[in-house]
Amino acid sequence: MNRLKKAWAVALAALIVCAGFTACSNGKAASGATSASTKTKAQDTLVFAAGAEPRGLDPALVDDGESTKVISNVYEGLLKYAKDSTDVEPCLAESWEISKDGLTYTFHLRKGVKFQDGTDFNAEAVKFNIDRQLSPNKTDDMPYADFVFGAVKSVEVVDANTVKVNMKTASTPFLKNLAMSLGAPMVSPTAAKKYNNNLNEHPVGTGPYTFVSWTKGQNVVMKRNDNYWGEKAKTKNVVLRFIADNSARVVALNNGEVDMIDGIDATVVSQIKSAGNKIYEAPGLNVNYMAYNTTKKPFDDPKIRKAVSQAVNVPELVASLYQGYSEPATSVLPTFMEGYDKNVKQVSYDAAASKAALAAAGVTKLHIITYSNPRPYNPINGQALAEAVQGYLTKVGVTATIDAYDWTTYKAKLKAGDYDVCFYGWTGDNGDPDNFMMLMSSDDPIMNVARYSNQEYKNLIAKGAVTPSGTERSKIYSQLETLAAQNAVWLPISHGKSLSAYRSNVKDFYFHMTGSVFFSGISKS
Amino acid sequence: MKQKKAVRPQTEPSAQAVALLEKPESQFKEMWDSLRENKAAVLGLIIIAFLALVALIGPFLMPFDPDQSNMSQSFRWPDGTHWFGTDQLGRDIFSRIISGARISLTVGLSAVAISLVVGVVLGSIAGYRGGKTDTVIMRVMDMMLAIPSILLAIAFMAALGKGIDKAVIAIGLVSIPEYARIVRGCILSVKENDYVQAARVIGNRNSRIIFKHILPNVMSSIVVRATLGISTAVLDTAALGFLGLGVQPPAAEWGDMLGRARGFIFTAPYTLIFPGVAITVTVLAFNLLGDGLRDALDPKSRKN
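If you read the sequences in order, they're chains Z and R. Going by my numbering, the first sequence opens with residue 1, and the numbers climb by one from there. Going by my numbering, the second sequence opens with residue 1001, and the numbers climb by one from there.
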């Protein structure tokens, strides 16, 4: 018995010692990698700290913002967004024509462009890239394939530098989709074949930076593409580091460990500024809103919804809650977007009218559900926002109960539909008005949290999607905005700015409203 | 650490019990005299009395409605109107601290009451009956002790949902084993004493023997543990609140206030400092009193 015990003790001790050694060696490996990354840091290296690691580096296989930070520098698409808006500009395609019926797009490609592995960029490469994300080649792990190329029927190579895309239906957002950092960027066909159609770890594009290495949990390193067709990148190396903790990232910036960070909120702005660093405010391609469950009594009545909306003083709430880092929303669409109409009027604040209407209707309580975490459109968090609204409702005699959930649980609760009012938001994908306005026509309760169903609205959405860009199309979205406002489906609250910060010796830092950061123009003195 | 505290009183009551049996009516007077000499304990007692008063007449002291947000007044630095400033939603922090005192003390006392009653009953049964009953009860208690109490409380809250009543239950449940262990230990050391045997011989029922003859003699250890337990419960309530599991908004709970203010430590430190101080002072007061009581009830350190 005793001997058995001893044997056990020895085995246990051995196990503990082993575990200790593994922990030590892990620690060593980690510290080694850090010192390596600090060694490469010099005048010609930009270090950007992000909050999370990319999921992958193949534009067709990922759907997260962190991945686009590498993707938008290594790859390029046929088109790109203008610097200060979501209008499209030529990139790998120098020009394009759209047939009258909107069913054929002809792209004239830039000549003499090569992928970083030496492969020529030509019409075949474009066909390869689009075909890759169409049935039957499309795989389940291509999250943006349908979004970007869903309307595409086939791709034809006209000549080496001309490609024709045939559509199933006319789709005005298609051009905007081609400028996105997800789905649309062109990957090298040679590399795709070599790496079994998965470039997540071996990205090869035409962009101003070439991928060097990805140390999991540590960083992604990129170097200047010296064969780039356009203006070459100003800084030789870029290191993208991952620092998950928000305050640790701020500290890393303030003590000079990194040059640029993103994912910050208003609360740390003064801390960053007082350390002599700068804040970059990009207008947000998003909307933060409160939605009514329009299928639930009494909120199926637009008058009741309007009365509740009247109770909330949106400008005051936004100014106080977001401290100037969000714009009060006057419409669903952010102001810089096509289709934005400044004449659209939301339900305005009128506590007295609200109180009278709600008392007459006998509404004394309502159930709010919200999320407990910060979101890009709501950098505070859903709970603080809900509580602010709860405060306004108390003043008009309505008692609100709030249930706050973590994001994953929250989505399940939205699906279940047991709420009167919920808080939600939307971050745009492609900068097209359809991408925002279609939410209220969707059949998916996670998209259309108001569960709004109005045939007139749905018809207008369908019409907007096929009408070519221009005043006629803009008018359709004004109509949609007006319809949504009149029926008080949502109470649009704000458009969150996206904040990032950089050291004062970093020049020309710039963060696009779609959430991409382009390093090629940035330099360091 | 807790283990030690729980084990130590085991040796005391038997000696003490003899002393107490001789002149039972002077037990509290003696304790009080001893306690009075302990300045720290008296300070603790004064603070507790003050907090209790604040909790009782709180609504008359609050200059503002603690739950009513006022967005135009958010993040006001402390001044003549808002003594402790205002929070993110423009609520008066001074009023919220007062309102929070009521919640913290209610939860603290009720949670201890739950764990005390259940723990004492379970501990008594286990200690007095012994054998299989003892094994079953105490192994369950051991299982609960094996999981860190705050983790267990979080699990309970996640299952029960938000609310003060649920926080009371969660915090009460997790500290049952501590009381059960102390009481069982004390009973084991007392139950073979002659007076217990005598009570049994003259035909008293078991429940009467436990509650009338044994428990009064282990009361001192329980009182000490319970006093210290209140401070733990207040701290646990704050921890749950901090994690966003405590109360249904807009109710003011110190830990909840602290958790929300965390993000504003650089811009609005007063939103963090006042609830933090309130928690510290309350916990400190109960700890001082608890330590004082332990000294006062310890026959070895008691002066003649």
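Backbone N, C-alpha and C define an ideal beta-carbon position, used for all residues, glycine too.
- Task: Rounded to whole angstroms, what's the CA-CA distance from A404 (chain Z) to E1253 (chain R)? Just pull it up for me.
- Result: 16 Å
- Task: Give a yes or no on contact between the region 246-253 of chain Z and the region 80-94 of chain Z, applying the rule of three or more CB pairs nearer than 8 Å.
- Result: no
- Message: Can you list, in chain order, the residues of its chain with a C-beta nearer than 8 Å to that of V379 (chain Z)? Leave out the 5 residues immediately preceding and following it.
- Response: Sequence inspection shows Pro at residue 379 (chain Z); the Val mentioned does not correspond to that position. Excluding positions up to five away in sequence, the list reads D265, A266, Y322, Y325, S326, G496 and L499.
- Item | Alpha carbon of P1148 (chain R) to alpha carbon of G1131 (chain R), nearest angstrom | 27 Å
- Message: Is L1089 (chain R) close to chain Z? Criterion is C-beta to C-beta, closer than 8 Å.
- Response: yes
- Item | G391 (chain Z): contacting residues in chain R (beta-carbon distance under 9 Å) | D1067, Q1068, S1069, N1070, M1071, L1089, G1090, R1091 and P1250
- Query: What are the uninterrupted segments assigned as beta strand (DSSP E) that are 3 or more residues long and contained completely in the region 248-283 of chain Z, given in chain order?
  - Reply: 260-262 and 278-282
- Task: Pair every Cβ in the region 475-495 of chain Z with every Cβ in the region 308-318 of chain Z, then say whether three or more of these pairs are closer than 8 Å.
- Result: yes
- Just the chain Z side, please: which residues come within less than 9 Å of G1244 (chain R) by C-beta, in chain order? S372, Q383 and A404
- Cα separation between K524 (chain Z) and V389 (chain Z)? 44 Å
- Message: Strictly below 8 Å CB to CB, what residues from chain Z border S1074 (chain R)?
- Response: S320 and L321
- Query: Interface residues of chain Z around F1264 (chain R) at Cβ under 8 Å?
  - Reply: T267
- Below 8 Å between beta carbons: does that hold for A311 (chain Z) and V396 (chain Z)? yes
- Measure from the C-beta of S270 (chain Z) to each C-beta in chain R and report whether the shortest distance is under 8 Å. yes
- Item | Cut-off 6 Å between Cβ atoms - residues of its own chain near T206 (chain Z), not counting five sequence neighbours on either side | E76, V113, F115 and F121
- Task: Check whether the Cβ atoms of K1162 (chain R) and Q1073 (chain R) sit closer than 8 Å, and answer yes or no.
- Result: no
- For the putative contact between R110 (chain Z) and D259 (chain Z), defined by C-beta atoms under 8 Å, what is the C-beta separation to the nearest angstrom? In fact, because the Cβ distance is near 31 Å, the residues do not count as touching under 8 Å.
- In terms of residue numbering, what span does the beta strand (DSSP E) encompassing K153 (chain Z) cover? V152 to D159
- Query: Residue range of the alpha helix (DSSP H) that E456 (chain Z) falls in?
  - Reply: Q455 to V466
- Message: What would DSSP say about S520 (chain Z), mapped onto helix, strand or coil?
- Response: coil
- Message: I'd like to know if the region 417-437 of chain Z and the region 295-309 of chain Z are in contact, where contact means that at least 3 CB-CB pairs between them fall below 8 Å.
- Response: yes
- Query: Anyone know if the C-beta pair for G431 (chain Z) and T68 (chain Z) falls short of 8 Å?
  - Reply: no
- Using a Cβ cut-off of 9 Å, pull out every chain Z residue sitting near T1267 (chain R), in sequence order please. A266, T267, V268, V269, S270, Q271 and Q323
- Rounded to whole angstroms, what's the CA-CA distance from L1089 (chain R) to A1251 (chain R)? Just pull it up for me. 13 Å
- State yes or no: is the C-beta of L1289 (chain R) within less than 8 Å of the C-beta of L1056 (chain R)? no
- Proximity winner among R:A1159, R:V1218, R:L1109 and R:V1234, relative to R1184 (chain R) (alpha-carbon distances): R:V1218
- Item | For L385 (chain Z), the three-state DSSP class (helix, strand or coil) | helix
- Would you kindly check if the distance between the Cβ of S1104 (chain R) and the Cβ of T1232 (chain R) is under 8 Å? no
- Message: Tell me the residue span of the beta strand (DSSP E) that contains E94 (chain Z).
- Response: A93 to I98
- Near the ligand ZN: E338 (chain Z) beta-carbon under 7 Å from a heavy atom: As presented, the structure is devoid of all ligands, the ligand ZN included, so that no description of it is given.
- Start-to-end residues for the alpha helix (DSSP H) that takes in M1144 (chain R): G1131 to A1146
- Y410 (chain Z) in three-state terms, based on DSSP: helix
- Item | Outcome for T1081 (chain R) when other beta-carbon atoms lying within 10 angstroms are tallied against a minimum of 16 | exposed
- Within chain R, the residues that E387 (chain Z) reaches when beta carbons sit closer than 8 Å: S1069, L1089, P1249 and P1250
- Query: Going by DSSP, what residues sit across from G425 (chain Z) in a beta bridge?
  - Reply: Z:N288
- Item | T162 (chain Z) - partner residues in DSSP beta bridges | Z:H108 and Z:D159
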